[in-house]
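S.K.: One structure follows; several queries about it will come next.
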Amino acid sequence: MSKLPGINHDRAVRAFEKAGFWLTREGKHTIMTDGDLIITIPGHKPIQPFTMASIIQDAGLTIDEFKNLL
Numbered sequence: 040m041s042k043l044p045g046i047n048h049d050r051a052v053r054a055f056e057k058a059g060f061w062l063t064r065e066g067k068h069t070i071m072t073d074g075d076l077i078i079t080i081p082g083h084k085p086i087q088p089f090t091m092a093s094i095i096q097d098a099g100l101t102i103d104e105f106k107n108l109l
């Protein structure tokens, strides 16, 4: 598993959109779904690596798969 840097909120949202997720709600946190899974992305800039890794795992992706979507 490769290391994950802190990622900007907007870049994370775009990457998850490429993975097939879409926005359902936006506020302090962005809620996205792919029809089966629901993920919550905090509006932090940057999102801490530990938090981002947890969100990626919840989305059913690996860190390397996510990095390819950035």
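Numbering (the numbering used here), first residue to last: 40 to 109.
Where is the CB? At the ideal position from N, CA and C, for every residue including glycine.
Note that the coordinates shown come from a computational prediction; the quantities given were computed from them, not determined experimentally.
1. When burial is assigned at 16 or more other CB atoms within 10 Å of the CB, is Asp49 buried or exposed?
2. Using a Cβ-Cβ cut-off of 7 Å (strictly less than) and excluding sequence neighbours within five positions of Leu108, which residues of its own chain qualify?
3. Take the Cβ of Phe60 as the centre, count every other Cβ of all protein chains shown within 10 Å, and call the residue buried at 16 or more, exposed below.
4. Between which two residues does the alpha helix (DSSP H) carrying Ile78 extend?
5. What are the boundary residues of the beta strand (DSSP E) that Ile70 is part of?
M.R.: Looking at the coordinates:
1. exposed
2. Ala54, Lys57, Ala58
3. buried
4. First-last for Ile78: 77-81, but that is the beta strand (DSSP E), not the alpha helix (DSSP H).
5. 68-72
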